[in-house]
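Written out below as structure tokens is the structure these notes cover.
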Amino acid sequence: MLIRPTLRLQSIGFCIGSTFFFIGAVPGLASVMGALTTNIVFFIGSWFFTGAAFVQLLLAGPRFVDYKGGRAISAAWLVASSQFIGTLLFNVSTGAAITAHGTHSEQVNVWVPDAAGSVAFLVSACFAMLGLIRSHELMKVIYRDTLSGWSNWIGCVAFGLSAIGAFVYKDGVTVDSHLANLGTMIGALCFFIASIFYVGRAGEKPAEIPSAAAGEEDGGLRYG
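With the numbering used here, the residue at position 164 of the sequence shown is 167, and numbering never jumps.
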């Protein structure tokens, strides 16, 4: 592999992607730079998210792990895979926004993958928070992993609210453009915060790495 996957590389990717999304959602930017340029900003940012999520998936390790005498699905793998799916859906959504013409295209090609990506992010955040609960760190806010996990969770919720606000009615009017922009900005800021905690942790081995910007130690979800 030309580039060795590291936690630092993953974190930098999420930080850069978050920055692009934050800039793209700044109020009034579209009126100054034009909708096309703004959509391109989001599209570029989405690929930094995807690259970071792919590194995260590589670092997560195998899908199944030994756990309490049996086999279990790795919690780190669940977090990483669901987040990676979400980033791919954001690639589709932001890419479609560049060429979308008409309300139907915005509803089907832009909003649907955007909403689905937001759901995937929420699923990822739920798995991550479950990891914090199992490690008894959910309320230990002095811990870096806990702060990162809560930031990630808030960011995912904000992205979900943004998707709701971005829905386009048949007459071409969005549900709440202010909610869409604010949710994106808050979500991007939270993802940046969740990731910046790990930028300096390049030397850790994959087995020691907390998953995603979520930050729980890997365990397993028992299936048999």
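Idealized CB from N, CA, C, for every residue including glycine.
Unbroken alpha helix (DSSP H) run spanning residue i, endpoints
{"i": "Gly158", "result": "147 to 168"}
{"i": "Val288", "result": "The displayed coordinates of the chain run from 4 to 227. Any statement about residue 288 would go beyond what the structure contains."}
{"i": "Met142", "result": "From DSSP, Met142 is part of no alpha helix (DSSP H); its letter is neither H nor E."}
{"i": "Trp114", "result": "Taken as a continuous stretch (DSSP letters only), Trp114 belongs to no alpha helix (DSSP H), as it is neither H nor E."}
{"i": "Arg11", "result": "10 to 27"}
{"i": "Val176", "result": "Unbroken run through Val176: none, as it is neither H nor E."}
{"i": "Ala56", "result": "38 to 63"}
{"i": "Gly190", "result": "180 to 199"}
Integer-rounded CB distance, given that residue j should sit under 8 angstroms from residue i
{"i": "Gly186", "j": "Phe170", "result": "Contact flag wrong, Cβ pair sits at about 12 angstroms."}
{"i": "Thr53", "j": "Thr90", "result": "4 angstroms"}
{"i": "Val82", "j": "Ala131", "result": "5 angstroms"}
Other residues of its chain near residue i: CB distance less than 6 angstroms, five sequence neighbours each side excluded
{"i": "Phe93", "result": "Ser49, Gly120"}
{"i": "Gly158", "result": "Gly190, Cys193, Phe194"}
{"i": "His181", "result": "none"}
{"i": "Ile47", "result": "Phe23"}
{"i": "Phe45", "result": "Gly27, Thr97"}
{"i": "Ala197", "result": "Ser151, Ser154, Asn155, Ala216"}
{"i": "Leu12", "result": "Val58"}
{"i": "Asp179", "result": "Gly168"}
{"i": "Ser14", "result": "Ser198, Tyr201, Val202"}
{"i": "Ala56", "result": "Gln86, Phe87, Thr90"}
Span of the beta strand (DSSP E) around residue i
{"i": "Ala75", "result": "73 to 77"}
Cutoff 7 angstroms; reference residue i; Cβ partners in own chain excluding five residues on either side
{"i": "Leu126", "result": "The question names Leu, yet the displayed sequence has Val at residue 126. Ser85, listed in sequence order."}
{"i": "Thr234", "result": "Residue 234 lies beyond the stretch modelled for the chain, which goes from 4 to 227, so this question has no answer here."}
{"i": "Gly223", "result": "Because Gly223 sits at a pLDDT of 43, beneath the cut-off of 50, its placement in the model cannot be relied upon, and the point is left open."}
{"i": "Gly175", "result": "Thr106"}
{"i": "Ile101", "result": "Leu39, Asn42, Ile43, Phe46"}
{"i": "Ala128", "result": "Asn155, Trp156, Cys159, Ala217"}
{"i": "Ile19", "result": "Phe51"}
Cα-Cα separation between residue i and residue j, rounded to whole angstroms
{"i": "Glu219", "j": "Lys173", "result": "Low local confidence applies: a pLDDT of 36 at Glu219 is under 50, so the model's placement there is unreliable, and no value is given."}
{"i": "Ala192", "j": "Val202", "result": "Reading the sequence as shown, one finds Leu at residue 192 and not Ala. About 16 angstroms."}
{"i": "Ile167", "j": "Gly16", "result": "26 angstroms"}
{"i": "Tyr226", "j": "Pro65", "result": "Here the model assigns Tyr226 a pLDDT of 34, short of 50, so the residue's position is not dependable, and the following value carries that caveat. Cα to Cα, Tyr226 sits roughly 15 angstroms from Pro65."}
{"i": "His104", "j": "Ala118", "result": "19 angstroms"}
{"i": "Ser165", "j": "Asn184", "result": "7 angstroms"}
{"i": "Met36", "j": "Ser138", "result": "46 angstroms"}
{"i": "Val160", "j": "Ile6", "result": "32 angstroms"}
{"i": "Phe51", "j": "Ala38", "result": "20 angstroms"}
{"i": "Val111", "j": "Trp153", "result": "31 angstroms"}
{"i": "Trp80", "j": "Leu60", "result": "7 angstroms"}
{"i": "Val122", "j": "Val29", "result": "23 angstroms"}
Residue i Cβ short of 7 angstroms to the ligand FAD heavy atom set
{"i": "Phe67", "result": "Among the components of this structure there are no ligands whatsoever, and the ligand FAD is therefore not found."}
Other residues of its chain near residue i: CB distance less than 8 angstroms, five sequence neighbours each side excluded
{"i": "Ala99", "result": "Ser108, Asn112, Val113, Pro116"}
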